[in-house]
Amino acid sequence: MKTEMNGQSAELFAMTESSNRGCRVCIPFAGKAPYDFVIDIQNHLHRIQVKEIYLGKTDNGKRWMVDFMKPRGGARNLRYAKYSKSDCDFLVAVCVSLRKFYVFPVEAISTRRQATFYFDSTPSCFARNTSWVDSYENAWPS
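One gets the working numbering by counting positions in the sequence shown from 1 and adding 403 to each.
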(Lines of atoms letter the chains of each structure in order from A and count residues from 1; the text may use other names and numbers.)
(Lines give C-alpha, C1' and ligand atoms only; values in the text may rest on other atoms or scores of the structure.)
Protein backbone atom coordinates (compact mmCIF):
# COMPACT_ATOMS: atom_id res chain seq x y z
CA MET A 1 0.00 0.00 0.00
CA LYS A 2 2.81 2.43 0.87
CA THR A 3 4.53 1.80 -2.48
CA GLU A 4 1.24 2.35 -4.32
CA MET A 5 0.64 5.62 -2.47
CA ASN A 6 4.20 6.80 -3.20
CA GLY A 7 3.69 5.94 -6.87
CA GLN A 8 0.45 7.90 -6.97
CA SER A 9 2.18 10.92 -5.42
CA ALA A 10 4.92 10.71 -8.05
CA GLU A 11 2.32 10.47 -10.83
CA LEU A 12 0.40 13.51 -9.55
CA PHE A 13 3.62 15.46 -9.18
CA ALA A 14 4.67 14.60 -12.76
CA MET A 15 1.22 15.53 -14.10
CA THR A 16 1.34 18.86 -12.25
CA GLU A 17 4.83 19.61 -13.61
CA SER A 18 3.68 18.73 -17.15
CA SER A 19 0.69 21.05 -16.80
CA ASN A 20 2.89 23.83 -15.40
CA ARG A 21 5.08 23.47 -18.50
CA GLY A 22 2.07 24.17 -20.73
CA CYS A 23 1.15 20.61 -21.69
CA ARG A 24 -2.37 19.24 -21.78
CA VAL A 25 -2.51 16.20 -19.49
CA CYS A 26 -4.76 13.28 -20.43
CA ILE A 27 -5.41 10.37 -18.06
CA PRO A 28 -6.50 6.96 -19.42
CA PHE A 29 -10.10 6.39 -18.34
CA ALA A 30 -10.76 2.66 -18.62
CA GLY A 31 -8.64 -0.43 -18.82
CA LYS A 32 -5.12 -0.92 -17.68
CA ALA A 33 -2.88 1.15 -19.94
CA PRO A 34 0.89 0.48 -20.04
CA TYR A 35 1.43 4.20 -19.36
CA ASP A 36 0.23 6.50 -16.57
CA PHE A 37 -0.83 9.54 -18.58
CA VAL A 38 -0.46 11.30 -21.92
CA ILE A 39 0.83 14.79 -22.53
CA ASP A 40 -0.32 16.78 -25.52
CA ILE A 41 2.27 19.27 -26.75
CA GLN A 42 1.04 21.29 -29.73
CA ASN A 43 -1.21 18.39 -30.81
CA HIS A 44 1.58 15.81 -30.51
CA LEU A 45 0.87 13.06 -27.98
CA HIS A 46 3.50 11.48 -25.72
CA ARG A 47 2.69 8.48 -23.48
CA ILE A 48 4.30 8.86 -20.05
CA GLN A 49 5.17 6.13 -17.55
CA VAL A 50 6.10 7.42 -14.08
CA LYS A 51 8.44 5.73 -11.62
CA GLU A 52 9.35 6.98 -8.19
CA ILE A 53 12.98 7.58 -7.24
CA TYR A 54 13.30 5.97 -3.82
CA LEU A 55 15.97 5.70 -1.14
CA GLY A 56 16.90 2.02 -1.14
CA LYS A 57 19.36 -0.12 0.74
CA THR A 58 22.29 -1.53 -1.24
CA ASP A 59 25.53 -3.32 -0.40
CA ASN A 60 27.17 0.12 -0.27
CA GLY A 61 24.61 1.75 2.02
CA LYS A 62 21.52 3.73 1.11
CA ARG A 63 21.24 5.08 -2.43
CA TRP A 64 18.61 6.94 -4.45
CA MET A 65 17.37 4.53 -7.14
CA VAL A 66 14.65 4.01 -9.72
CA ASP A 67 13.61 0.69 -11.23
CA PHE A 68 12.96 0.58 -14.97
CA MET A 69 11.23 -2.80 -14.96
CA LYS A 70 7.49 -3.33 -15.14
CA PRO A 71 5.80 -6.02 -13.03
CA ARG A 72 4.08 -8.85 -14.88
CA GLY A 73 2.00 -11.81 -13.75
CA GLY A 74 0.03 -12.52 -10.61
CA ALA A 75 1.13 -12.37 -6.99
CA ARG A 76 2.53 -15.90 -7.05
CA ASN A 77 4.19 -15.67 -10.44
CA LEU A 78 5.73 -12.21 -10.49
CA ARG A 79 8.06 -11.69 -13.44
CA TYR A 80 9.54 -8.47 -14.70
CA ALA A 81 9.84 -7.15 -18.23
CA LYS A 82 11.45 -4.06 -19.71
CA TYR A 83 9.51 -1.13 -21.09
CA SER A 84 9.49 -0.74 -24.86
CA LYS A 85 8.19 1.71 -27.46
CA SER A 86 4.91 -0.24 -27.55
CA ASP A 87 4.34 0.64 -23.85
CA CYS A 88 5.25 4.32 -23.61
CA ASP A 89 7.33 7.06 -25.17
CA PHE A 90 8.99 8.43 -22.02
CA LEU A 91 9.66 7.18 -18.51
CA VAL A 92 9.68 10.01 -15.98
CA ALA A 93 11.62 9.24 -12.79
CA VAL A 94 10.38 11.48 -9.97
CA CYS A 95 11.90 12.24 -6.58
CA VAL A 96 8.98 13.98 -4.87
CA SER A 97 10.86 14.88 -1.68
CA LEU A 98 13.66 16.63 -3.62
CA ARG A 99 11.41 17.93 -6.42
CA LYS A 100 13.51 16.35 -9.18
CA PHE A 101 12.46 14.97 -12.56
CA TYR A 102 14.42 12.80 -14.99
CA VAL A 103 12.76 12.29 -18.36
CA PHE A 104 14.11 9.25 -20.22
CA PRO A 105 13.07 8.36 -23.77
CA VAL A 106 12.06 4.72 -23.51
CA GLU A 107 14.86 3.78 -25.92
CA ALA A 108 17.43 5.07 -23.39
CA ILE A 109 16.29 2.68 -20.65
CA SER A 110 15.16 -0.33 -22.69
CA THR A 111 18.33 -2.29 -21.85
CA ARG A 112 18.69 -1.14 -18.23
CA ARG A 113 17.12 -2.51 -15.05
CA GLN A 114 17.59 0.57 -12.84
CA ALA A 115 19.51 3.78 -12.26
CA THR A 116 21.28 5.19 -9.22
CA PHE A 117 21.26 8.88 -8.34
CA TYR A 118 23.81 10.63 -6.11
CA PHE A 119 21.78 13.58 -4.84
CA ASP A 120 23.39 13.75 -1.41
CA SER A 121 26.73 12.03 -1.90
CA THR A 122 29.62 11.66 -4.31
CA PRO A 123 29.88 8.32 -6.06
CA SER A 124 32.80 6.08 -5.24
CA CYS A 125 35.61 5.97 -7.78
CA PHE A 126 34.62 2.30 -8.28
CA ALA A 127 30.97 3.10 -9.08
CA ARG A 128 29.95 2.36 -12.66
CA ASN A 129 27.61 4.37 -14.91
CA THR A 130 27.38 7.27 -12.47
CA SER A 131 26.73 10.26 -14.74
CA TRP A 132 24.64 8.89 -17.61
CA VAL A 133 21.38 10.05 -15.98
CA ASP A 134 22.47 13.69 -15.64
CA SER A 135 21.59 14.62 -19.24
CA TYR A 136 17.99 13.51 -18.64
CA GLU A 137 17.25 15.87 -15.74
CA ASN A 138 14.26 18.01 -16.74
CA ALA A 139 14.59 16.81 -20.37
CA TRP A 140 10.88 17.19 -21.05
CA PRO A 141 9.75 16.79 -24.67
CA SER A 142 8.93 20.01 -26.47
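All C-beta atoms in this analysis are idealised placements derived from N, C-alpha and C, irrespective of residue type, glycine included.
Backbone secondary structure at residue i - three-state DSSP
i: Ser-421; result: helix
i: Phe-520; result: strand
i: Asp-376; result: Any answer about residue 376 is impossible in this case: the structure gives the chain only from 404 up to 545.
i: Ala-542; result: coil
i: Leu-415; result: helix
Residue i Cβ short of 7 Å to the ligand HEM heavy atom set
i: Asp-470; result: Summarising the ligand content, the structure contains no ligands, and the ligand HEM is consequently not present.
CB of residue i within 8 Å of CB of residue j, strictly
i: Val-441; j: Ile-456; result: no
i: Phe-520; j: Val-536; result: yes
i: Tyr-483; j: Tyr-539; result: no
i: Asp-492; j: Pro-437; result: no
i: Ala-518; j: Val-453; result: no
i: Ser-534; j: Ser-513; result: no
Buried/exposed call for residue i, threshold 16 Cβ in 10 Å
i: Pro-471; result: Per the sequence shown, residue 471 should be read as Phe rather than Pro. Burial call: buried.
i: Ile-451; result: buried
i: Ser-524; result: exposed
i: Asp-439; result: buried
Residue i: first and last residue of the uninterrupted alpha helix (DSSP H) it sits in
i: Val-509; result: 509–512
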